[in-house]
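Going down the list, the protein sequences come from chains W and Z. Note that the numbering used here numbers the first sequence so that position 128 is 128, with each residue one more than the last. Basically the numbering used here = 1-based index in the second sequence + 1000.
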Amino acid sequence: MTQVFAYIIHKDGVADDTALELIAAAKKIQADAQVTAIVTGSGSDLDAVCTEVAASYNEVLKIDNENLAYPNAEIIRALLLKMLPSDAILLVPHTTFGMDLAPGLSIKLDAAFVADVVEFEGLDGSTLKLVRQEYSGQVSTHVSCDISSGGVINIRPGAFAPDESKAASGTVVDKSSEAQGITVKRSYLETVVAEVGDVDITKSDVLVSVGRGIEDEDNIEIAHDLAEVLGADVSCSRPIVDSKWLEKSRQVGTSGQTVKPKVYIACGISGSFQHLGGIKGSPFMVAINKNSKAPIFQVADVGIVADILEFIPEFADKVKEMK
Amino acid sequence: MEILVCVKRVPDTAENEIEVNNDGSDISRDDLVYSVNEWDNYAVEEAIQIRDNVGGTVTVISVGDDDSEEVLRREMAMGADKGILLSDDAFNGSDGKGLASILKAEVEKGKYDLIMAGAQADAGAGQVGGMLAAMLDLPYASLVNKVEVVDDKKLKVGREVEGGNVEMNDIELPCVLSIQTGINEPRYVGIRGIRKVASVEIPVHNASDLGISPDTVGGAGSRVKVLDYFVPDLGEGAEMLEGSTEEIVEKLVELLKAKGGIK
Ligand SMILES: Cc1cc2nc3c(=O)[nH]c(=O)nc-3n(C[C@H](O)[C@H](O)[C@H](O)COP(=O)(O)OP(=O)(O)OC[C@H]3O[C@@H](n4cnc5c(N)ncnc54)[C@H](O)[C@@H]3O)c2cc1C
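This is the structure we're talking about:
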């Protein structure tokens, strides 16, 4: 049986939500999978994470080294290359760290690589069948992956329901010696925290959120008008910030803010997982999009197929009229 | 600095609604508008800005069919000095590793200080840059949204991580970077710019030029294969409001009032 490993992301002594999602993912590959967690870091934070994770994993490999205090993917790639058996399956969360680590690791291990997996559909011999998405979630694909010489599989955060059974009580094995003597050509300096803006969208009850469908900087005004009559704030998707039409602090998503409003009105937003990843607390979601097949309609409560450039002003007028 | 930027011709998702074709073997390619992958365009702009600051050349490279030439030409109109097209029927159906190995063969024919790719393209995998770096034994940084040339041996780069925070790193040259959107404001390319480079020759290299054995790339050499395309059935989805705009607006106002969306 192929050995399955999971890379645990953690911060401030607490395991990331993905730690339990990877177990669920592993069990979709093989119902009786024995999963080994790999936890790298330094000091007491690392010990706390290992203890936490051992409740859910059969075995926890702890690698403690001061060079691992910050997860530099270049160092961790070299470390995993030393540690992993040649035909292993390694599950990694598809986060900014996972994207940094995994593709190159698969080459070094001569293992197959699949990014951003959302579902597994069985293992037949050495052929793993899985599901992923293309075109920002507009279409899905079944993919076959030959894992005869191992596989590095990146798992989309949130795609698998966490395995909360805590049924393992595994042992923590200290593998810190493996981290010795690793030198790399990239060094971590510091993290510059994102700037705060004039509006804190994480505190808003109602958000009028605009995406690329707004088409032009001048049109942002219609969103501000609607927000004003609703008593809402304006937020946006990433392309709007990339274009410098709104400030970064208004961006909703994994590389922006995590918001938890009561009502979220998505205007001309397709519904990529990175965008949806920033919306928590199950708000009442209204989606307005001219494409009836836009993925956002799968997650919204109410959908309207319309051109936002016409619909938003009419909607704002109506609300104004009623006041 | 000698800079190589990997670019891909992709269906423009801002211009097209992507749908599955009749037999699920592909997306429906009729009447699609193509353009350069958004992430790659930011990478080319960054390369041009670095070259303009410290000197050198920018070469754009693509693995694709004849149509990919138009994307290379567009990026040359932006300011890239050279284009190279890697094209062979044997390349069709290559997985990420196959693509990276094709690119590697060309990279090894030149001498580049900096290789850039977009952080991801239409398939959303984000794999080619990192694989290429590993094959070349070069340091790698992904999702880069800040590049500062320290000297001819070192860059300072920012990686955009969760929450929009930026992880600053020193990285030795030569290296490979994958570029995140928003790093710069890519310049506009007009018809006139494209005309200027219309007659510049773009060399085309095939598998044998690159010394690649056809069975190591394409569908034959791939361990990861797309079996089919489909639209998942995710249960109910949204309740769609229909009728005249006036009716829809009225309904929506009612719903929002009930949910506290109108104060
Ligand atoms: C590491 C990483 C992190 C990322 N982080 C984030 C993040 O934090 N937040 C984020 O948002 N994205 C993020 N992204 C980008 C993400 O993958 C998508 O590219 C992005 O969310 C798309 O934004 P959009 O929906 O506005 O644009 P598109 O996907 O282009 O969608 C535009 C939508 O507007 C519709 N439309 C067009 N015109 C009209 C009209 N006139 N009326 C009505 N509808 C119209 C279209 O049908 C389409 O559905 C990240 C990507 C990566 C790789």
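For each residue, glycine too, the CB sits at the ideal point set by N, CA and C. A quick note: this is a predicted structure, and the numbers were derived from the prediction, not measured.
Using a Cβ-Cβ cut-off of 9 Å, state whether residue i counts as contacting chain Z.
i	result
Val194 (chain W)	According to the sequence shown, residue 194 (chain W) is Ala rather than Val. So yes, Ala194 (chain W) belongs to the interface.
Tyr57 (chain W)	no
Ala115 (chain W)	yes
Cys50 (chain W)	no
Phe5 (chain W)	no
Thr258 (chain W)	yes
Glu21 (chain W)	no
Asp216 (chain W)	no
Glu66 (chain W)	no
Along chain Z, which residues have their Cβ under 9 Å away from the Cβ of residue i?
i	result
His224 (chain W)	In chain order: nothing, as chain Z lies at least about 16 Å away.
Met83 (chain W)	Those within 9 Å of Met83 (chain W) in chain Z number zero; the least Cβ separation is about 17 Å.
Thr40 (chain W)	None at all; the shortest Cβ gap to chain Z is about 16 Å.
Using beta carbons (cut-off 9 Å, strictly below), is residue i in contact with chain W?
i	result
Cys1006 (chain Z)	no
Thr1245 (chain Z)	yes
Gly1219 (chain Z)	no
Lys1196 (chain Z)	no
Ala1043 (chain Z)	no
Arg1187 (chain Z)	no
Val1054 (chain Z)	no
Give the interface partners of residue i over in chain W, defined as CB-CB distance under 7 Å, in chain order.
i	result
Ala1014 (chain Z)	Arg212
Gln1127 (chain Z)	Pro103, Phe113, Ala115
Ser1142 (chain Z)	Met99, Asp100
Asp1031 (chain Z)	None at all; the shortest Cβ gap to chain W is about 15 Å.
Ile1262 (chain Z)	Leu230, Val319
Along the chain, where does the alpha helix (DSSP H) that runs through residue i open and close?
i	result
Pro948 (chain Z)	Because chain Z in this structure spans residues 1001 to 1263, residue 948 (chain Z) falls outside the shown range and cannot be described.
Asn1041 (chain Z)	1038-1054
Phe297 (chain W)	296-299
Ala223 (chain W)	220-230
Lys1225 (chain Z)	Segment 1224-1230 is the beta strand (DSSP E) holding Lys1225 (chain Z); no alpha helix (DSSP H) there.
Tell me the residue span of the beta strand (DSSP E) that contains residue i.
i	result
Glu1160 (chain Z)	1154-1160
Gln133 (chain W)	127-134
Thr96 (chain W)	Element bounds for Thr96 (chain W): not the beta strand (DSSP E) but the alpha helix (DSSP H), 96-109.
Val139 (chain W)	139-146
Pro1203 (chain Z)	Careful: Pro1203 (chain Z) lies outside any beta strand (DSSP E) and carries neither H nor E.
Phe174 (chain W)	Note on identity: in this sequence residue 174 (chain W) is Asp, with Phe being the wrong assignment. Unbroken beta strand (DSSP E) run through Asp174 (chain W): 171-174.
In the DSSP output, what is residue i paired with across the bridge?
i	result
Arg186 (chain W)	Z:Ile1171
Thr18 (chain W)	Bridge partners of Thr18 (chain W): none, in fact.
Glu1002 (chain Z)	Z:Thr1057
Just the chain W side, please: which residues come within less than 9 Å of residue i by C-beta, in chain order?
i	result
Lys1225 (chain Z)	Val143, Ser144, Cys145, Asp146
Asn1092 (chain Z)	Correct list: empty, because the minimum Cβ distance to chain W is about 17 Å.
Ile1027 (chain Z)	Glu134, Tyr135, Gln138, Val139
Give me the chain W residues within the contact set of residue i, using Cβ-Cβ distance strictly less than 8 Å, ordered along the chain.
i	result
Leu1241 (chain Z)	Val302, Gly303, Ile304
Phe1230 (chain Z)	Val139, Ser140, Thr141, His142
Glu1172 (chain Z)	Lys185, Arg186
Could you check if residue i is buried or exposed, using at least 16 other CB atoms within 10 Å of its CB as the buried criterion?
i	result
Arg1159 (chain Z)	buried
Pro93 (chain W)	buried
Gln180 (chain W)	exposed
Asn1021 (chain Z)	exposed
Asp242 (chain W)	buried
Ile23 (chain W)	buried
Asn1092 (chain Z)	exposed
Ala1090 (chain Z)	buried
Lys11 (chain W)	exposed
Pro85 (chain W)	exposed
Thr36 (chain W)	buried
Would you say the beta carbon of residue i comes nearer than 8 Å to a heavy atom of ligand 3?
i	result
Leu1143 (chain Z)	Ligand 3 is not part of the structure shown, which contains ligand 1 as its ligands.
In chain Z, which residues lie less than 7 Å from residue i when you measure between Cβ atoms?
i	result
Asp242 (chain W)	Thr1181, Gly1182
Phe297 (chain W)	Gly1237, Ala1238
Taking 9 Å as the threshold (beta carbon to beta carbon), is residue i in contact with chain C?
i	result
Phe315 (chain W)	The structure shown contains no chain C; its protein chains are W and Z.
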